[in-house]
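Structure record follows, encoded as C-alpha cells.
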C-alpha cells in the first residue's frame with residue numbers, strides 16, 4: 002500500500018500526524034478515555050439510559066437516539082433531523098457508531114470530545130430544546146432513580162451536573178463500536194472476506210487518492226491529538242462542477258462558522274467510511290440519496306475525476322465491506338417519576 | 002371482598018360477563034391469542050423490530066415506541082402525543098403494557114384486538130402518517146431483511162401484507178406484561194408486600210365502589226368476549242362538578258364518535274390501573290398532571306364523592322402497589338437498506 006504517497010500527502014497538508022498505513026482494522030476496544038472520565042460498567046449503563054431518555058428534551062419527544070439510532074445505522078437516515086416542535090436541523094445527523102475514534106465531533110469539529118459533543122444537542126433549540134444546562138440538570142434531579150445512580154457513580158457532592166450527564170453519555174458512546182467488518186477481517190488475514198469487486202474497489206480508492214484522507218481506524222483520518230480535527234475542504238473542485246448547485250454543496254460555510262477564518266470556509270471534518278453504506282442520505286446537506294451518487298460526487302469534487310460506472314460499483318462494493326458487526330445490546334429501563342410527569346403541559 | 006355487590010353492579014349494567022372477584026393477580030403468561038395469529042418466538046422478534054421502526058412513518062420520525070415507550074411506562078407521559086410534522090394527537094396515549102388483557106383497544110374501543118389496533122396509528126395522519134396500507138407494505142418490502150423474516154414466518158406467498166405487519170406487532174405486544182407487582186404478591190399470599198397505607202387504600206377502593214369497574218386481571222373490567230368492550234360513562238356526575246370545565250372532561254364525545262349512538266356519548270373503555278402511577282398525565286385529555294388529582298377527579302366524577310386528603314393518599318399508595326415488574330428486553334437491531342434511504346427527501 003502506498004504508505005509513502007499517503008505520508009507525503011499528510012505532510013503536504015502541514016499536519017504533524019503520525020504516518021500510518023491507509024487501511025487499518027478497527028480496534029475491538031474503546032479508545033483512550035479522558036483522564037477525568039474513566040469508563041465503568043455503571044457509568045455506561047447510566048449513559049445508555051440518558052441516551053434514550055426523551056425527558057432531556059423540553060417537550061419529552063426527542064432523545065439522543067431519535068437522530069442517532071443505535072438500533073440501526075446510528076443516524077436517522079433523513080436529509081436533516083426533526084427536533085422538538087417539528088423543527089428541522091441544519092445538517093445531516095452523523096453516525097454515532099465508532100464516533101469514539103473520530104478526531105473531533107460535529108461536521109465542523111466544534112467539539113473536541115464526545116463529552117463536549119453530548120452537551121450540544123440538548124440545548125440546541127432545533128434539537129432537544131432545553132433552555133439551559135440548569136434546566137436539564139433539574140429534569141434529571143427530579144427523577145429519583147437517576148439521583149441514586151449519579152450519586153453512586155459521581156459521588157454524593159453535587160452528583161447531577163450537566164458535565165456528569167455528558168460524561169455518562171460519552172462513556173456509553175465509547176462502547177458503540179462495530180468491529181469485524183469484511184474489510185477488517187480481510188486486513189487481519191481472511192483472504193475470502195471480500196468479493197472481487199470489493200477488492201478492486203479497495204485498490205481503486207488508494208489509486209485515485211481517496212485514502213489520502215480516508216485512512217485510520219475510522220477511515221476518517223490519521224490518529225491526531227485530542228481535539229485536533231482532521232479537516233478537508235469540500236468541494237475542492239468547485240468550478241464547472243454540476244454537483245455544487247444540484248446538491249447545494251456550498252450553501253453552508255462549514256468550519257468557518259466556528260472559527261470565522263477565511264481559510265476555514267467549506268472545511269469539514271473528514272467523515273468516516275465505517276458503515277457508510279447504511280448512513281444514506283449523504284453529506285452535510287443529506288442531499289445525495291444513494292451511495293453510488295455520493296461516490297461520483299466525491300470523485301468529481303475532491304479529485305476532479307469522473308468515474309466510470311464499473312469503477313463506482315467497485316468502490317461501492319468496497320465501502321459495503323466496511324459495514325461492521327453491531328453489538329447485541331440490552332434495552333435500558335428508564336427510571337420513572339411515580340404519580341406525576343415531568344413533561345410540561 | 003364484596004363479590005356480591007360487584008356482581009350486582011355488573012348485572013345492573015346488563016352485561017353478560019362472568020362474575021369474578023374484584024382483585025385478581027396478573028397472569029405471568031400471554032392471554033389467549035387469536036386462532037389466526039399464534040405467537041412464535043420469530044414473530045415476536047419481528048414484531049419488536051417493527052414496533053421500533055420509524056420507517057413505518059411517512060417521514061421516518063415516529064415508531065409505535067415513540068408514543069408507547071416500553072423503556073418506561075408504555076406511554077410518552079405527555080398530555081397528547083406528537084406525531085409526524087409536529088402534529089398533536091387528540092387523546093392521551095394509553096400504555097401498551099398489559100394491553101393484551103384489555104377487552105378492546107383505544108380509548109373508545111374502536112379496535113377489537115391488538116392486531117386491529119396496530120393498523121390504526123400507522124395510517125393516522127397526525128401519528129405516523131402513511132398514506133395507505135399499500136405504502137406501508139411497500140416500505141417494508143423494500144427492506145431485504147424484513148422480506149426474509151416475513152417469508153420465514155408467514156410463508157412465501159405474499160408474505161409482507163399490512164395484516165401480517167399488524168399480526169407481528171400484536172404478537173410482540175402480547176409479551177408486554179408486568180406481573181409480580183406488590184398487589185399481585187399480596188394476593189398470592191405475601192402479607193408484607195403492601196404498606197399499611199396501601200392496604201387501607203385497597204379496602205377503600207372496594208368500599209367506595211371503584212372496583213365495580215376496576216376489576217379483572219388489568220383492573221380494567223371483567224373478562225369479556227373478544228371485542229366486547231367494558232365501557233363506562235365519564236363523568237357520570239357532571240353537574241356542579243368543577244373538574245368538568247377545569248380539565249375539559251366533556252369536550253370529547255368518546256365512544257359516540259365510533260357508533261354515533263346517543264347512548265355512547267362520553268362512554269370510554271375503562272382504563273387499566275396497572276402501572277397507573279407511571280402513566281401521568283391522566284384521562285383521555287391528559288389534562289390532569291398528578292395521580293392524587295386523578296383520584297379526586299374520579300371519586301367526584303364517577304361516585305359523587307369528595308375524598309379527604311388521607312383517603313386520597315391511601316388510594317394513591319394502593320395504586321402504586323400495582324406497578325409491576327418490567328421484563329428486561331434485548332434491543333432490536335433493525336434490518337437496513339444498504340446504499341440508500343427509504344425516507345423521502
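Protein chains in written order, with this note's numbering: chain A, 2 to 346; chain B, 2 to 346.
Backbone N, C-alpha and C fix where the C-beta goes; we use that ideal spot for every residue, glycine too.
Model, not experiment: these values are computed from the prediction.
Tell me the DSSP secondary structure of residue 216/A in three-state form. In the structure shown, residue 216/A sits in coil (DSSP, three-state: anything other than H, G, I, E or B).
Could you give the uninterrupted runs of the alpha helix (DSSP H) lying entirely in the region 90 to 160 of chain A, keeping only those of 4 residues or more? Counting whole runs of 4 or more residues, the region 90 to 160 of chain A contains the alpha helix (DSSP H) stretches 115 to 124, 134 to 142 and 145 to 155.
What are the residues of the region 269 to 283 of chain B that lie near chain A, defined by any Cβ-Cβ distance shorter than 7 Å? Residues passing the 7 Å Cβ filter: 278, 279, 281 and 282.
Going straight from the alpha carbon of residue 211/A to that of residue 338/B, what length do you get? Cα-Cα distance, rounded: 24 Å.
Would you mind working out which of 58/A, 177/A, 171/A and 241/A sits nearest residue 331/A, comparing C-alpha positions? It is 177/A.
Between the C-alpha atoms of residue 160/B and residue 93/B, what's the straight-line distance to the nearest angstrom? Distance between the alpha carbons of residue 160/B and residue 93/B is about 34 Å.
Counting Cβ pairs closer than 8 Å, one from the region 136 to 151 of chain A and one from the region 285 to 303 of chain A, do we hit at least three? They do not touch, by the three-pair rule.
Is the CB-CB distance between residue 227/A and residue 114/A below 8 Å? Cβ distance < 8 Å, so residue 227/A and residue 114/A count as in contact.
Output, in chain order, the set of chain A residues within a Cβ distance shorter than 8 Å of residue 160/B. What residue 160/B touches in chain A, judged by beta-carbon distance under 8 Å, is nothing: the nearest beta carbon there is about 22 Å away.
Just tell me which of 80/B, 85/B and 30/B has its CA closest to the CA of residue 345/A. Distances from the alpha-carbon of residue 345/A to those of 80/B, 85/B and 30/B put 80/B closest.
Give the DSSP-derived three-state secondary structure of residue 30/A in the structure shown. In the structure shown, the three-state DSSP call for residue 30/A is coil.
Runs of alpha helix (DSSP H) wholly within the region 285 to 330 of chain B (minimum 4 residues, chain order): If we require 4 residues or more, the alpha helix (DSSP H) runs fully inside the region 285 to 330 of chain B come out as 292 to 304 and 310 to 321.
Determine which residues of the region 314 to 329 of chain A have a Cβ less than 8 Å from any Cβ of chain B, and write them out in chain order. Contacts with chain B (Cβ-Cβ distance below 8 Å) from the region 314 to 329 of chain A involve 317, 321, 324, 327 and 329, listed in chain order.
Show which residues of chain A have a CB atom less than 8 Å away from the CB atom of residue 79/B. Taking a Cβ-Cβ cut-off of 8 Å, the neighbours of residue 79/B in chain A comprise 60, 61, 62, 342 and 344, given in sequence order.
Which bits of chain B does residue 292/A rub up against, with CB to CB less than 9 Å? The CB of residue 292/A comes closer than 9 Å to the CB of 339, 340 and 341 in chain B, given here in chain order.
When burial is assigned at 16 or more other CB atoms within 10 Å of the CB, is residue 90/B buried or exposed? Taking every protein chain shown into account, the CB of residue 90/B has 16 or more other CB atoms within 10 angstroms, so this residue is buried.
Among the residues of its own chain, which have a CB less than 7 Å from the CB of residue 229/A, if the five just before and after it don't count? Result list for residue 229/A: 104, in chain order.
So who's on the other strand from residue 234/B, going by DSSP bridges? Checking the DSSP bridge columns, you'll see residue 234/B partnered with 268/B.
For residue 341/B, which of helix, strand or coil comes out of DSSP? Of the three classes helix, strand and coil, the one that applies to residue 341/B here is strand, per DSSP.
Tell me which residue opens and which closes the alpha helix (DSSP H) that residue 47/B is part of. According to the DSSP assignment, residue 47/B belongs to the alpha helix (DSSP H) that extends over 42 to 52.
Using the rule of at least 16 other Cβ atoms within 10 Å of the residue's Cβ for burial, across every protein chain shown, is residue 272/A buried or exposed? Around the CB of residue 272/A, 16 or more other CB atoms lie within 10 Å, so the residue is classed as buried.
So, are the CB atoms of residue 333/A and residue 53/A less than 8 Å apart? Yes, the pair counts as a contact, with Cβ atoms nearer than the cut-off.
Which class does residue 277/A belong to by DSSP, given the choice of helix, strand or coil? If DSSP states are grouped into helix, strand and coil, residue 277/A belongs with the helices.
Taking DSSP's pairing of strands, which residues face residue 187/A in a bridge? BP columns for residue 187/A are empty, so no partner.
Tell me whether residue 219/B is buried or exposed, calling it buried when 16 or more other Cβ atoms sit within 10 Å of its Cβ. The residue is buried, with at least 16 neighbouring Cβ atoms inside 10 Å.
Go ahead and label residue 249/A buried or exposed: buried means 16 or more other beta carbons lie within 10 angstroms of its beta carbon, across all protein chains shown. Its Cβ having fewer than 16 others within 10 Å, residue 249/A is exposed.
Taking the straight line between their C-alpha atoms, what separation do you get for residue 43/B and residue 87/A? When rounded, the distance between both Cα atoms is 35 Å.
Looking at the secondary structure, which residues open and close the alpha helix (DSSP H) in which residue 260/A lies? Element bounds for residue 260/A: 257 to 260.
Once DSSP output is grouped into helix, strand and coil, what is the label at residue 81/B? When DSSP states are grouped into helix, strand and coil, residue 81/B belongs to the coil group.
Identify, in the order they occur along the chain, each residue of the same chain with its Cβ nearer than 8 Å to the Cβ of residue 251/A, setting aside the five sequence neighbours on each side. 236, 239, 245 and 267.
To which residues of the same chain is residue 278/A closer than 8 Å at the C-beta, ignoring the five residues directly before and after it? Correct list, in chain order: 292, 317, 320, 321, 323 and 324.
Presumed contact (8 Å Cβ cut-off) between residue 275/B and residue 110/B, rounded CB distance: Going by Cβ atoms, the distance from residue 275/B to residue 110/B rounds to 18 Å, so no, they are not a contact pair.
Determine, for residue 83/B, whether the minimum Cβ-Cβ distance to residues of chain A falls below 8 Å. Closer than 8 Å to the CB of residue 83/B there is at least one CB belonging to chain A.
Per-residue burial, residue 329/B [other beta carbons within 10 Å of its own, 16 or more giving buried]: Exposed, since its Cβ has fewer than 16 Cβ neighbours within 10 Å.
Identity of the residue in 34/A, 284/A and 282/A nearest residue 170/A by Cα: Shortest Cα-Cα distance from residue 170/A to any of 34/A, 284/A and 282/A involves 34/A.
Counted within 10 angstroms of its Cβ, other Cβ atoms place residue 82/B as buried (16 or more) or exposed: Burial call: buried.
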